[in-house]
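The sequence shown begins at 1 in full-length UniProt numbering and counts up one residue at a time. Glycine included, C-beta positions come from ideal geometry on N, C-alpha and C.
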Amino acid sequence: MTEPRRPTLPGLASPITAKTTASSPATRMPAQESAGQGGRGSAAALSRPSSSSGGNPSNSGSNIEELLAQMVSHRASDIHLQAGSPPMGRVDGLLVPFGNAALMPPDTQAMAQALLTQEQWEDFEYRSELDTAYSLSTVARFRCNVFRQRGAVGIVMRVVTDAIPSFEALGLPSTTMQSFVGASRGLILVTGPTGSGKSTTLASLVDHINRTQAFNIITIEDPIEILHKNKKSLVVQREVGSDTRDFRTALKYAMRQDPDVIMIGEMRDKETVEAAITAAQTGHLVLSTLHTQDAVRTVNRVIDFFPPHERDQIRIMLADSLVGIISQRLLRRADGVGRVLGTELLVNTALIQDYIRDEEKTTLIKDAMMEDNLRGMHTFDQHLVELYRHSLITMDEAMEAASSPHELRMMVTRQGMNF
């Protein structure tokens, strides 16, 4: 396979830092603040570039907002700030340095203090890690993780768009997605590795309901990423840590808040999974995510949350409540500009229900998906072939991402395409 092309970003300035002092803290706002209103660190409270500042991060005198704006303008999806390295951005899946000068420990600490409230900073000093969100006016919202490494502060920020994309814009089949969110009750799971766009897909599903149904939608997130304005629906967004203690507690009390739809940012433990399935069985539409690669692994992961003596019952409950599974990964585009979504879609038909209930038949789910594409189902490898057919990805990218490279080659050959 050919080596992936590394993006080049010529002419970028040296790293830029924020300066704050105990006597003159940055203006801070809550995580739910709109991107149009600024974030936790106000530009007015942060120092501006000095005309004499050079490329050294420790005396550049500029602020973190300038750095974030620069990195977003170069299509960085994730931003890494840690001592001993220049600021790094993930562009089209690959890490790229922004500037040559390494950040120093005081730089990353000042950046973190500009991002966090005083209460959050004290919590971080106690726990040595913290999740939060940050809004930068006219630029973007960010999901932030602040942590310690080698005694210094490190920061990773993921760019979260304020605009909620449609199913079509994401590359998701609109008919199948509308069928999913049109269900009166049940469980919809969005799965994939970190950075595969699960949060964006969830937001698109929620937004479609918000625009088309008069429902009460409750979201439980850690942290809140994309802000939903009330449209036809009422949207209540709760953030773990500031609005509620944890996912399972919020889900317990959500059942007493007259919900039609519940969105759980992530199912992390047995109690949350069990509560989500129960909510789906009792007349609510529940949306959530798991870090699994495909539909079969997702079914097995849900079952594996439970001890062996409970698994037969959970199989029955899952088979009865599941609406569908959207498994996804982001792939490098053939033209080298941006990425494209690759998906695997499972629709819970009567046959799939039978396969979920019977442990010995679960492995047959993939075969059923390949043969029943008239209902909107397809495996990941089938979608890779379609993306390759339309010249959206290269064969090297398809082979690297394939669940079974051998099966993918056979599908390409049977359809008369060249490698």
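Minimum C-alpha distance to residue i - residue among the options
i, options, result
"Q120", "E221, G241 and T176", "G241"
"S174", "L392, I326, L331 and A368", "I326"
"R211", "K231, E397 and L189", "K231"
"T298", "E386, I365, V181 and P97", "I365"
"E266", "D222, D92, Q281 and L227", "D222"
"H390", "G171, H406 and D258", "G171"
"T343", "S184, G376, G336 and K252", "G376"
"L187", "N63, R256, V273 and D358", "V273"
"A275", "Q178, T161 and L318", "L318"
"M71", "R148, R141, T363 and T194", "R141"
"residue 441", "E360, G93 and A83", "Nothing can be reported for residue 441: it is not among the residues displayed for the chain, which extend from 1 to 419."
"D207", "V302, M255, E168 and H228", "H228"
"L290", "A254, R357, T161 and G197", "G197"
"G154", "F124, Q313 and V236", "F124"
"E271", "N300, T282 and P307", "P307"
"V190", "S184, V181 and T201", "T201"
"M157", "A163, T219, L130 and A401", "L130"
"A203", "V385, E122 and I224", "I224"
"T132", "T194, I226 and M88", "I226"
"F98", "A112, L116, A69 and Q113", "A69"
"Q113", "G93, M395 and Y134", "Y134"
"L387", "E310, R333, H406 and T278", "R333"
"G336", "D78, D92, S77 and M88", "D92"
"A152", "M111, Q118, L116 and L136", "M111"
"A279", "V146, D320 and A169", "D320"
"I164", "S199, I277 and A398", "S199"
Nearest-angstrom Cα separation, counted from residue j out to residue i
i, j, result
"R315", "V139", "45 Å"
"D354", "A250", "32 Å"
"D381", "L330", "14 Å"
"N56", "P86", "Confidence at N56 is low in this model, with a pLDDT of 39, below 50, so its placement is unreliable and the value that follows should be read with caution. Their backbone Cα atoms lie some 10 Å apart in a straight line."
"D107", "H80", "13 Å"
"S179", "I209", "11 Å"
"L285", "L95", "38 Å"
"T244", "R238", "7 Å"
"R75", "M411", "34 Å"
"I217", "R150", "42 Å"
"L408", "Q109", "48 Å"
"M417", "A401", "18 Å"
"V236", "Q257", "10 Å"
"S53", "I64", "For S53, the predicted model reports a pLDDT of 34, less than 50, meaning its position is unreliable; a value from the coordinates is still stated below. Each residue's alpha carbon lies about 15 Å from the other."
"L346", "Y253", "30 Å"
"S50", "C144", "Per-residue confidence for S50 stands at a pLDDT of 31, beneath the threshold of 50, marking its modelled position as unreliable; no derived number is given."
"G182", "M263", "15 Å"
"S128", "D162", "29 Å"
"E360", "L136", "51 Å"
Start-to-end residues for the alpha helix (DSSP H) that takes in residue i
i, result
"S77", "No alpha helix (DSSP H) holds S77; the beta strand (DSSP E) holding it covers A76 to Q82."
"A152", "That residue, A152, is in no alpha helix (DSSP H); its beta strand (DSSP E) goes A152 to V160."
"L68", "I64 to S73"
"L392", "Here L392 belongs to no alpha helix (DSSP H), and DSSP marks it neither H nor E."
"I164", "From DSSP, I164 is part of no alpha helix (DSSP H); its letter is neither H nor E."
"M411", "P405 to R414"
"L251", "F247 to A254"
Bounding residues of the beta strand (DSSP E) (the contiguous stretch that carries residue i)
i, result
"T132", "E129 to L136"
"A401", "No beta strand (DSSP E) contains A401, which is instead part of the alpha helix (DSSP H) from M395 to A401."
"A183", "First-last for A183: undefined, no H or E at that position."
"F147", "A140 to Q149"
"M377", "Where M377 is concerned, there is no enclosing beta strand (DSSP E), given that its DSSP letter is neither H nor E."
"R90", "M88 to V91"
"M263", "V261 to I264"
"L94", "L94 to P97"
Supposed contact pair residue j and residue i - C-beta distance, whole angstroms, cut 8 Å
i, j, result
"residue 420", "F215", "In the structure displayed, the chain extends from 1 to 419; residue 420 sits before or after that span and is not available."
"L287", "L341", "Not a contact, Cβ separation roughly 18 Å."
"D312", "T349", "About 21 Å; that fails the 8 Å criterion."
"T363", "M370", "With a Cβ gap of about 13 Å, T363 and M370 do not count as contacting."
Contact test: residue i Cβ vs the ligand GTP heavy atom, cutoff 6 Å
i, result
"M71", "With respect to small molecules bound, the structure shown includes none, and the ligand GTP cannot be examined in it."
Notebook entry, point to check: Going along the chain, which unbroken runs of the alpha helix (DSSP H) with 4 or more residues stay wholly within the region 283-369?
Noted result: Counting whole runs of 4 or more residues, the region 283-369 contains the alpha helix (DSSP H) stretches 295-304, 311-321 and 350-357.
Checklist line | Complete runs of the alpha helix (DSSP H) confined to the region 166-239 [at least 4 residues] | finding: Scanning the region 166-239 for uninterrupted alpha helix (DSSP H) segments of 4 residues or longer gives 167-170, 174-181 and 198-212, listed from N- to C-terminal end.
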